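From first to last, the protein sequence lines are chains A and B. In terms of the numbering used here, the first sequence opens at residue 260 and continues consecutively. In terms of the numbering used here, the second sequence opens at residue 67 and continues consecutively. Glycine included, every Cβ here is placed at the ideal spot set by N, Cα and C. Keep in mind that this is a model prediction, so the values were computed, not measured. Notes follow the structure.
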Amino acid sequence: MYPPSFDYYAPTSVDEAVRLLDQHQGEAKVLAGGQSLIGMLKLRLAQPGALIDINRIPDLSYVREDATFLRIGAMTRINELHASDAVKARYGVLFDATAEIADPTVRNWGTVGGNAVHGDPGNDLPACFLALDAEYQAQGPKGSRTIAARKFYTDSFTNVLAPNEIVTEIHVPKAAAGSGSAYSKMERKVGDFATAAVAVTVTLAANGSVAKAGIGLTNVGPTALYAAQASDALVGKTGTATDLGTVGDLAAKAASPVADNRGPVDFKQDMIRVWTRRTVTRAIARAKGGS
Amino acid sequence: MAEATPIPGGIGQSIGRKEDARFIRGKGNYVDDVNLPGMLFMDVVRSPYAHAKITGLRKDAALKVPGVLAVITGADLAAAKLAWMPTLMSDTQMVLPTDTVMFQGQEVAAVVGVDRYAAADGVAAVEVDYEPLPVVVDPFKALQPDAPVLRTDKGKKDNHIWHWEVGDKAGTEAALKASAVVVTEKLYIPRIHVSSIETCGCVASVDVSGKLTVWMTTQAPHAIRTVFALVSGLPENNIRIISPDIGGGFGGKVPVYPGYVIAVVAALTTGKPVKWIEDRTGNLTADSFARDYHIEAEIGADKNGKVTALRVKTLADHGYTDAAANPSKFPAGLFHIITGSYPFSKAFVEVDAAYTNKPPGGIAYRCSFRVTEAVFAIERLMDNLAHKMNLDPAELRMRNFIPPEAFPYTSALGWTYDSGNYAGALKKAMDTIGYDALRKEQAEKRKRGELMGIGISSFTEIVGAGPSKTFDILGIKMFDSAEVRIHPTGKVIARFGTKSQGQGHETTYAQILAEELGIPVDGISVEEGDTDTAPYGLGTYASRSTPTAGAAAAVAARKIREKGAKIAAHLLEVSPNDIEWKDHKFQVKGVPEKSKTMADVAFAAYTNHPQGMEAGLEAVDYYDPPNMTYPFGSYICVVDIDKETGQVKVRRFVAIDDCGTIINPMIVDGQIHGGLTMGFAPAMLEEIPYDEQGNSRAPSFLEYLLPTAVETPKWETGKTVTPSPHHPLGAKGVGESATVGAPAAIANAVIDALQPYGVTNIDIPISAHKVWRAIHGADAH
Ligand SMILES: Cc1cc2nc3c(=O)[nH]c(=O)nc-3n(C[C@H](O)[C@H](O)[C@H](O)COP(=O)(O)OP(=O)(O)OC[C@H]3O[C@@H](n4cnc5c(N)ncnc54)[C@H](O)[C@@H]3O)c2cc1C
């Protein structure tokens, strides 16, 4: 449980951090909250030649809502996101998820950027960002680019980020009037990764039917999953038992879980079905002004 | 104990624990806090395979790692005849393998370096070639004729370790045949692990005179010293075992693990102190497991639900060696307490043990030697019998309990229970929880299709090993000891052969002595765990400390009082026959104003003792208990189940315990709270499953699910007091009652909730997916 030796850098700007990453040509790893990376180092699952600690870079930790986005600095701690008034009022899915990731210690250290980028299918924020149709802003040696969350994840622990890029900000489309969202996580105990979890966002039309929807799934596939068919099927619906049945079934179909200590495949699929129904109901209730 | 003037900190008082002053300030002194000049660190290479031939092992690269000083292999140990060591059950265990590894996580080599990082780098650089061999994971398959034989080193022709049986086989069979109702169930009690927060470790140091001192995480330092002496050939006076503060033992720190032995070898070969601290995965994958009993139990009853006979057939999975920590005459521990709280007239129990490619063990994880397994089986079966007969499970128990007037009661399997009032405890539990109202609520909910369950466990424990005629470990009788010395100013130092791991001995023993000596508890210091100073004893496990060493404290104090009475008589100028011990003082009979305190007497013992009497005031007692003690209790658990997800929520849990005379109610309550949580854990969360290749599927706390404060139910505790007639204080053990009693109550509640589905069993841990399967069936959706 002791890592091999590595070089350690603590840059004070994103430019410097990117330059260091670039110099190390894939041999370096960004150290954010360390709640995933340090464990992997101790188990020697990751053996980077260098750590680029981005904790000393100022101005990467904030939660700001402007006319178009909720902007979350990559180094915002999970607990800080949870404490944001905007999140509590209008981004229920993030408010829920940030209360259920790991335990308070991990949430005080772990960052939103790290959680979004790390790529463990059990990370809870990616499904939220998929449902919210968020974008990740990444900076590399040639400048900055924006990547849609729905195009970010390629496989477990792999994504489209280049080894010399750093995610600096996450953009969540500003919550529209009549929108509501929720996250439900089924876990074996506190601090556990999800057995199955579902993120749902809806925006209601004036007549109360769903105008826009997004459904993301946690830990039931190689990456967090965007349940496109289920999301589309929810549009135009009001959340009747039949609606929920249809959407739940489609979400379950989108899931491709593997059997493990948390349960067999058919159980996990059914849990997606059940929790999709329950979470859609909660999201619609919130969109109508409930809490 | 109605006392006019209670002695400060005497028996029955909930005083704060003496040891907490250091524990809650982070000032405990654990093995990893021991740092010696020039100390080296040891780390262990572990096998990735569950069964493999070692075809090559190269040290060279590791020895080139900066800071690495030595690599120790099985071949090195074999040269010193130390590659194998005996287990407590007289089986043999590898310290390091010379040719074959038998389980995933087994120690393969050790690396000694100047710090932990160097040692870890060295571990990564040791090159081992493995040739995988067929793996035996399932103990039933292990016993089939075509199974690969694991212990060819012992000349074995199969994987069967031993068969053990007790009771009247033919009589039981006849009684079952004649019974109006028979209920049979197969129960698996899975492999779990004590997973103390402090893992195992030691610091081994040899001084210039050749004296070996080992600070180690052991619950039984004296026995360990003797074993070390016998195995190593070192003279026993040249071995000192110090067991400092221990961060949880629970039975897991009774055995000798390879790491300890290798660290001693490393200290002897390098000539420097060597520290070895196991990491979590090493702890969970290689140190002794507990349980792993496959039980098939059958009970018969007459048409009124009166139990008639009990038959139990069990297969024990011991891993590759039987490294259980039972008293030597009891290979299946005290499993034959399985007739429980009920007067079965006939019973028969048989246990077979099998070798598999899993870590060794079978230790008593807070379970008084296989009593958890026994209680779980009998209490689960009693509920199933009630369901089958359409009787309320509480009513069925009430009809059957051994009545208070039947004690001392000798069970069909030969135990003589000292005292009990089982109906009293269940009645109190039912009143506390509001049993009848809950049953009404349940009936209404059932009509609405909601799942609520109520489970009962009315357990009988057996602790305090034990009487020397039957209880020994490797021949050493299971007495325990106290050595009590009163200083001239009336202050006391007392040393014991046991070793607290969080149980609060420094407080409990001091309270016993305060009561018996009439000395305020603040003036009494308790020491344990240093074999150079403490009297010999068998250590702390199986809830034996108060029944044995606690009794020894009382008896030693009474020996001191005998001498004290003579000194008091001398001081008061009366005959010793005129002195009586009353109100914590030596008094002249009938003249209470003429008295001397123990402090007066102590001072005189050094300054003014009668001519012809030895100076000093001290006594030693090696207490050989005349019988075991039999704590008991009744637990009731209420669960609600989410029908769609299978998630179980424990809504209420009432625990009524009876451990006889209570020394410190707060400590007892603490033991019960912790024990209940450790009963809840395997019932709902904890298990070490293995895949077909013998890979552990719970090698860290990511998968080995310790409950947190969030999952843990709110415990509602209460007590009845039925003293033990043979213990000098009337006390029984209590450290394990709750761990032993709780799992069945929880499982029974779940099975009770699932009665609409005709469910008779779900193996623990009761995870959501198992409940979901029970509700939705194999073809759910
Ligand atoms: C006991 C425990 C339980 C946990 N349970 C959960 C849980 O239930 N749900 C959950 O979602 N998570 C859980 N986690 C993970 C936790 O949320 C992590 O904090 C998170 O996954 C990673 O965030 P971090 O800031 O700690 O990242 P780090 O560990 O520092 O980094 C993780 C990875 O992301 C990369 N990275 C980090 N930030 C950036 C960036 N800005 N740009 C580019 N690359 C970056 C790193 O290089 C590294 O590869 C748990 C962790 C622990 C220790």
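Three-state secondary structure assigned by DSSP to residue i
i: A/Arg537; result: helix
i: B/Thr727; result: coil
i: B/Tyr701; result: strand
i: B/Glu461; result: helix
i: A/Cys387; result: helix
i: B/Gln79; result: coil
i: A/Val461; result: strand
i: B/Val293; result: helix
i: B/Gly337; result: coil
i: B/Leu853; result: There is no way to answer for residue 853 of chain B, as the model of chain B reaches only from 67 to 847.
i: B/Gln759; result: coil
i: B/Ser547; result: strand
i: B/Ala68; result: Because B/Ala68 sits at a pLDDT of 46, beneath the cut-off of 50, its placement in the model cannot be relied upon, and the point is left open.
i: B/His553; result: coil
i: B/Thr695; result: strand
Exposure of residue i, with buried meaning 16 or more beta-carbon neighbours within 10 Å
i: A/Gln284; result: exposed
i: B/Gly104; result: exposed
i: B/Met679; result: exposed
i: B/Gly843; result: exposed
i: B/Gly122; result: exposed
i: A/Phe452; result: buried
i: B/Ile702; result: buried
Residue i vs residue j beta-carbon contact at 7 angstroms
i: B/Phe698; j: B/Pro779; result: no
i: A/Leu280; j: A/Ala287; result: yes
i: A/Leu493; j: A/Val479; result: no
i: B/Ser485; j: B/Glu802; result: no
i: A/Leu476; j: A/Ala518; result: no
i: B/Leu209; j: B/His229; result: no
i: B/Ala333; j: B/Ser271; result: yes
i: B/Ala813; j: B/Ala721; result: no
i: B/Gly760; j: B/Val194; result: no
i: A/Asp392; j: A/Ile360; result: no
i: B/Ile520; j: B/Asp708; result: no
i: B/Ala608; j: B/Val529; result: yes
Residue i versus residue j: straight-line alpha-carbon distance, rounded
i: B/Glu777; j: B/Glu302; result: 47 angstroms
i: B/Leu583; j: B/Pro794; result: 14 angstroms
i: B/Lys625; j: B/Ala685; result: 6 angstroms
i: B/Val110; j: B/Val174; result: 7 angstroms
i: A/Thr427; j: A/Pro523; result: 38 angstroms
i: B/Ala620; j: B/Glu239; result: 46 angstroms
i: A/Lys471; j: A/Gly378; result: 26 angstroms
i: B/Leu683; j: B/Val558; result: 10 angstroms
i: B/Ala420; j: B/Asp204; result: 9 angstroms
i: A/Glu424; j: A/Ile311; result: 12 angstroms
i: B/Gly532; j: B/Gly799; result: 12 angstroms
i: B/Trp838; j: A/Met530; result: 10 angstroms
i: A/Arg447; j: A/Pro270; result: 39 angstroms
Residue i Cβ short of 6 angstroms to ligand 3 heavy atom set
i: A/Gln284; result: Although ligand 3 was asked about, the structure shown includes only ligand 1 as ligands.
Inset, instruction - May I ask you to verify whether the region 789-804 of chain B touches the region 532-549 of chain A, counting CB pairs closer than 8 angstroms and requiring at least 3? - result: no
Legend entry - the region 391-403 of chain A touching the region 299-317 of chain A, judged by at least three CB pairs closer than 8 angstroms: Judged by Cβ distances under 8 angstroms, the region 391-403 of chain A makes no contact with the region 299-317 of chain A, as fewer than three pairs qualify.
Inset, instruction - Give a yes or no on contact between the region 548-557 of chain B and the region 565-585 of chain B, applying the rule of three or more CB pairs nearer than 8 angstroms. - result: yes
Legend entry - Touch test, the region 461-471 of chain B against the region 406-422 of chain B, Cβ-Cβ under 8 angstroms, three pairs minimum: yes
Inset, instruction - Answer yes if the region 385-393 of chain B comes into contact with the region 420-428 of chain B, meaning at least three C-beta pairs across the two stretches below 8 angstroms, and no otherwise. - result: Contact between the region 420-428 of chain B and the region 385-393 of chain B is present, because at least three Cβ pairs lie under 8 angstroms.
Legend entry - Segment contact flag, the region 257-268 of chain B with the region 451-462 of chain B, C-beta cutoff 8 angstroms, min 3 pairs: no
Inset, instruction - Evaluate contact between the region 627-638 of chain B and the region 664-681 of chain B, counting only Cβ atoms and requiring at least three cross-stretch pairs below 8 angstroms. - result: yes
Inset, instruction - Note down, in chain order, all residues in the region 375-406 of chain B with a beta-carbon under 8 angstroms from any beta-carbon belonging to chain C. - result: Absent here is chain C; the protein component of the structure consists of chains A and B.
Inset, instruction - Pair every Cβ in the region 500-507 of chain B with every Cβ in the region 435-443 of chain B, then say whether three or more of these pairs are closer than 8 angstroms. - result: The region 500-507 of chain B is not in contact with the region 435-443 of chain B.
Legend entry - Touching by the beta-carbon criterion (3+ pairs, under 8 angstroms), the region 134-143 of chain B and the region 368-380 of chain B: no
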